[in-house]
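Visitor:
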Amino acid sequence: MSLLGKEACTHFSPLWKLHFNLSTKGGTWRKLISVVGNSEEAIANQLIFLKGKAKMYILPIEQIIAFILKHSISLLLCFLFTIFVVKWRNSTSNPSQNLPPSPPKLPIIGNLHQLGSIPQRSLKSLAQKYGSPMLLHLGSKPVLIISSPDAAEEVMKTHDLIFANRPKAGFAGRLLYNFKDITFAPYGEYWRQIRSICVLQLLSHKRVQSFRSIREEEIALMLETIRESCASSSVIHINKILATLTNNIVSRVAIGKRYSGEESGSRFQELFVEFTMLLGVFNVGDYIPWLAWINNVNGLEAKVKKVAKDFDEYLEKLLEEGVKKQDKRGNNNGGDEKQQENLVDVLLEIQGTDATSFALERDSLKAIIMDMFVGGTDTTSSLLEWAISELLRNTNAMQQLQKEVRQFLGSKSCIQEDDLENLHYLKAVIKEALRLHPPVPLLVPRESSKAVKLMGYDVAAGTQVIINAWAIGRDPKLWEAAEEFQPERFLNSSLDIKGQNFEYIPFGSGRRSCPGSAFAMVTAELALANLMCNFDFQLAGGARPEDLDMTEAHGIVTPRKVPLLLVASLPN
Ligand code: HEM
1 MSLLGKEACT
11 HFSPLWKLHF
21 NLSTKGGTWR
31 KLISVVGNSE
41 EAIANQLIFL
51 KGKAKMYILP
61 IEQIIAFILK
71 HSISLLLCFL
81 FTIFVVKWRN
91 STSNPSQNLP
101 PSPPKLPIIG
111 NLHQLGSIPQ
121 RSLKSLAQKY
131 GSPMLLHLGS
141 KPVLIISSPD
151 AAEEVMKTHD
161 LIFANRPKAG
171 FAGRLLYNFK
181 DITFAPYGEY
191 WRQIRSICVL
201 QLLSHKRVQS
211 FRSIREEEIA
221 LMLETIRESC
231 ASSSVIHINK
241 ILATLTNNIV
251 SRVAIGKRYS
261 GEESGSRFQE
271 LFVEFTMLLG
281 VFNVGDYIPW
291 LAWINNVNGL
301 EAKVKKVAKD
311 FDEYLEKLLE
321 EGVKKQDKRG
331 NNNGGDEKQQ
341 ENLVDVLLEI
351 QGTDATSFAL
361 ERDSLKAIIM
371 DMFVGGTDTT
381 SSLLEWAISE
391 LLRNTNAMQQ
401 LQKEVRQFLG
411 SKSCIQEDDL
421 ENLHYLKAVI
431 KEALRLHPPV
441 PLLVPRESSK
451 AVKLMGYDVA
461 AGTQVIINAW
471 AIGRDPKLWE
481 AAEEFQPERF
491 LNSSLDIKGQ
501 NFEYIPFGSG
511 RRSCPGSAFA
521 MVTAELALAN
531 LMCNFDFQLA
541 GGARPEDLDM
551 TEAHGIVTPR
561 KVPLLLVASL
571 PN
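Take 1 as the starting number for the sequence shown in my numbering and just add one per residue.
1. Only counting the same chain, and skipping five residues up and downstream in sequence, which positions put a Cβ closer than 6 Å to that of Cys414?
2. Beta carbon of Leu255, beta carbon of Gly139: below 8 Å?
3. Given the structure, does Thr380 come close to the ligand HEM, in the sense that its CB is under 7 Å from one of the ligand's heavy atoms?
4. Where in the region 293-332 do unbroken runs of the alpha helix (DSSP H), each at least 4 residues long, occur, reported from the N-terminal end onward?
5. Kindly indicate the opening and closing residues of the alpha helix (DSSP H) around Phe373.
6. So, Glu617 versus Arg192, is the Cβ gap smaller than 8 Å?
7. With a Cβ-Cβ cutoff of 8 Å, do Ala568 and Phe537 count as a contact?
8. DSSP state of Tyr425, grouped into three classes?
9. Could you check if Gly541 is buried or exposed, using at least 16 other CB atoms within 10 Å of its CB as the buried criterion?
10. Less than 7 Å separating the Cβ of Val323 from some heavy atom of the ligand HEM?
11. Rounded to whole angstroms, what is the Cα-Cα separation between Leu343 and Gly456?
12. At a threshold of 7 Å, does Ile182 count as lining the ligand HEM (C-beta to nearest heavy atom)?
13. Distance check for Asn247 and Phe373, CA to CA, integer angstroms please.
14. Where Trp293 and Leu315 are concerned, what is the direct C-alpha to C-alpha distance, given to the nearest angstrom?
15. So is the beta-carbon of Cys414 under 7 Å away from any non-hydrogen atom of the ligand HEM?
16. Quick check on the burial criterion: 16 or more other C-beta atoms within 10 angstroms. Buried or exposed for Thr276?
17. Between Asp345, Pro119, Ala460 and Tyr177, which lies nearest to Val307 when the distance is taken from Cα to Cα?
18. With distances taken Cα to Cα, identify the nearest neighbour of His237 among Lys303, Ile388 and Ser96.
19. Taking just the CA atoms, how far does Leu144 sit from Ser102?
20. In the DSSP assignment, what residue or residues form a beta bridge with Arg560?
21. Tell me the DSSP bridge mates of Val143?
22. Kindly give me the distance between the Cβ atoms of Leu291 and Val284, rounded to whole angstroms, as I take these residues to be in contact under 8 Å.
23. Should the region 398-418 be called in touch with the region 476-484, which here means at least 3 C-beta pairs below 8 Å?
24. Whole angstroms are fine: how far does the CA of Glu313 sit from the CA of Ser204?
25. Would you grab the beta carbon distance between Glu432 and Arg489 for me? Rounded to a whole angstrom, and I think it's under 8 Å.
26. Please classify Glu218: is it buried, with 16 or more other beta-carbons within 10 angstroms of its beta-carbon, or exposed?
27. Looking at Phe502 and the ligand SAM, is the gap between the Cβ and the nearest heavy atom below 7 Å?
28. Say yes only if the C-beta of Val444 is nearer than 7 Å to one or more non-hydrogen atoms of the ligand HEM, and no if none qualify.
29. Check whether chain B comes within 8 Å of Ala451, counting only Cβ atoms and requiring the distance to be less than that.
30. By Cβ distance, which residues of its chain are closer than 6 Å to Asn501, with the 5 residues on each side in sequence left out?
31. Measure how close the beta-carbons of Ile214 and Arg267 come, nearest whole angstrom, since I'm counting them as under 8 Å.
32. Would you check if there are 3 or more beta carbon pairs closer than 8 Å linking the region 385-400 to the region 229-243?
33. In the region 179-209, which residue ranges form an unbroken alpha helix (DSSP H) of at least 4 residues, counting only runs that do not cross its ends?
34. Between which residues of its own chain and Val522 is the CB-CB distance below 8 Å, once the five residues before and five after are set aside?
35. Any idea if Glu154 is buried or exposed, counting beta-carbon neighbours within 10 angstroms, 16 or more meaning buried?
36. Determine, using beta-carbon pairs with one atom in the region 458-470 and one in the region 124-143, whether at least three such pairs fall under 8 Å.
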């Protein structure tokens, strides 16, 4: 039995579901405990790099809960005990507290059963009834759900400092060297310094500009792949192509070499898929602590250990290569050829100086490198896949975009980065795709470091906070024709991605907002512009655009439930 764990909602969210991969040993199927998810295809879509290694059995969370309740006598005892504790707690809780509205909860699991198969959707429906903020209990943990711009502003602006922490949940600690990366590091001096290193060296406007040739080369390679498919009208799995693009770009700027192509690269691909899955796996012990032993039985514990070890070996090798390169440069007095520095080079250099107020240990270096991959790859490819899906269904928008980019292209062979500032409709298309399909729909969870009043409600210290950016982006009170794809709404609009307008927060806002937004936007815009210039796309198998299934699946970055299969042709 092996486990392939998969996350339910965001790339870092605590709202996980368990996904197990059952395989036979000696031909005997072993019965497994709890498995969650909403469709086999959806998870398979995430596993494109694993090439169908095994069959998966995926059940809804309600069935897990039913299983637990049905099969364990000890649970019954705990159930009775919990009722007792809850009653006792209620009778002793402070009546003067003004808590946010909450839906009724079950003993032990609290509101876990109400997360549904696509949590951003279920939470939106609950918020329509209970409002924003709304207090849920996931197991024994209080979790505040924010689904409106005014409450989001209180969290990410008014009380940003109090909510600048991340909950220590899931397996991030085990996979990312005890929270030594940027995303999961607790708020404080360590986080501040490593974030600023990454921003200065990799993600600042100036650095993003300096990686221009890498982006252009990788996009040219992607166009070549699609061009080859045109000759035979073969079906392309566009997400696979886009994922290779974004992975190669991040890989070249972070570690100085392409992620796909070589043998170690394909091992990295496989490991990375497992890594991101495990990052999102529901760790039952976080919410129902006395059930933590389950991970030893279901194989999750062993899996996390193995992936963490394998990745560590890979990253160690990478750092060793970096050190050798540094030595060689030192011996050459700077070297003959001026190679572009990557993040590993920079981190190794910083390690040898007193640029940080603490020793930048090897574990920190490895965690930071991983963060760039986790944050910077699937997010951008998923955004592009959704944008193309919407364009196929909205012929007017597709035609308008093609007209804009093709007119601009003129006699040139491709759109270049300098051209982007003139392509207003293109920018509006990307913004609209981010509104309807934010790759991180529930943002990255935060946690209150002390008790605070939020919109008149009492929020206790240690409360997790989930901001439903997906629900805010589709709120009909905020957006006209909220469910429609209408890029025009962003033309002549002051709304930008910087997180100043809380009705539009695909990259979050405040201290913990995404530092990679500029990096992501230029990649997404350039890739989409060149795809639309160079090709016409149709759905594979003659499917009609209006029949395209637009539902989301579980996934670290909200993948499509049904992969987008296309046939590309050269424009007349
Ligand atoms: C379309 C692409 C992307 C989207 C939609 C996105 C979205 C987000 C969101 C919503 C957050 C959490 C914000 C919050 O808590 O307020 C975040 C955090 C983060 N993102 Fe991105 N991101 C994208 C691309 C990238 C890229 C390209 C990188 C780096 C190469 C990156 C690195 C990070 C990091 C390191 C954090 C953690 C920041 C912290 O906790 O201080 N992201 N991202």
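Quick reminder that beta carbons are idealized off the backbone N, C-alpha and C, glycines included.
Guide: According to the data block:
1. Counting only residues of its own chain and dropping the five nearest sequence neighbours on each side, Cys414 has a CB closer than 6 Å to the CB of Asn530.
2. Note that residue 255 is Ile in the sequence shown here, rather than Leu. For Ile255 and Gly139, no; Cβs fall outside 8 Å.
3. Here the distance from the Cβ of Thr380 to the nearest heavy atom of the ligand HEM is below 7 Å.
4. Within the region 293-332, the complete alpha helix (DSSP H) runs of at least 4 residues fall at 294-298 and 300-331.
5. Bounds of the alpha helix (DSSP H) holding Phe373 are Arg362 to Gly376.
6. Absent from the model: residue 617. The displayed extent of the chain is 1 to 572, so no value can be given.
7. Yes, Cβ-Cβ distance for Ala568 and Phe537 is below 8 Å.
8. In this structure, Tyr425 counts as helix in the three-state DSSP scheme.
9. Exposed, since its Cβ has fewer than 16 Cβ neighbours within 10 Å.
10. No.
11. Using only the alpha carbons, I get a separation of about 45 Å.
12. Checking the Cβ of Ile182 against the ligand HEM gives yes.
13. Taking the CA atoms as reference points, Phe373 sits about 7 Å from Asn247.
14. The straight-line gap from Cα to Cα measures roughly 30 Å.
15. Of the heavy atoms belonging to the ligand HEM, none sits nearer than 7 Å to the Cβ of Cys414.
16. Buried: at least 16 other Cβ atoms inside 10 Å.
17. Looking at the Cα atoms, Tyr177 is the closest of the given residues.
18. Of the candidates Lys303, Ile388 and Ser96, the one whose C-alpha sits nearest the C-alpha of His237 is Ile388.
19. Taking the straight line from one Cα to the other gives about 9 Å.
20. Answer is Glu552.
21. Under DSSP, Val143 forms a beta bridge with Leu136 and Gln464.
22. The C-beta distance from Leu291 to Val284 rounds to 5 Å, short enough to fall under 8 Å.
23. Touching, no.
24. So the alpha carbons of these two residues sit roughly 30 Å apart.
25. About 7 Å separates the beta carbon of Glu432 from that of Arg489, a gap short enough to meet the 8 Å contact definition.
26. Glu218 should be labelled buried.
27. As presented, the structure is devoid of the ligand SAM, carrying the ligand HEM as its sole ligands.
28. Yes, the ligand HEM has a heavy atom inside 7 Å of this Cβ.
29. Absent here is chain B; the protein component of the structure consists of one chain.
30. If we look at Asn501 and ignore the five residues flanking it on each side, its Cβ neighbours are Leu495.
31. Actually they do not touch by this definition, with Cβ atoms about 22 Å apart.
32. Touching, per the Cβ criterion.
33. Runs of the alpha helix (DSSP H) lying entirely within the region 179-209, each at least 4 residues long, are 189-198 in chain order.
34. These residues qualify, in order along the chain: Val208, Arg215, Glu417 and Leu420.
35. Burial call: buried.
36. The answer is yes - the region 124-143 touches the region 458-470, with three or more Cβ pairs under 8 Å.
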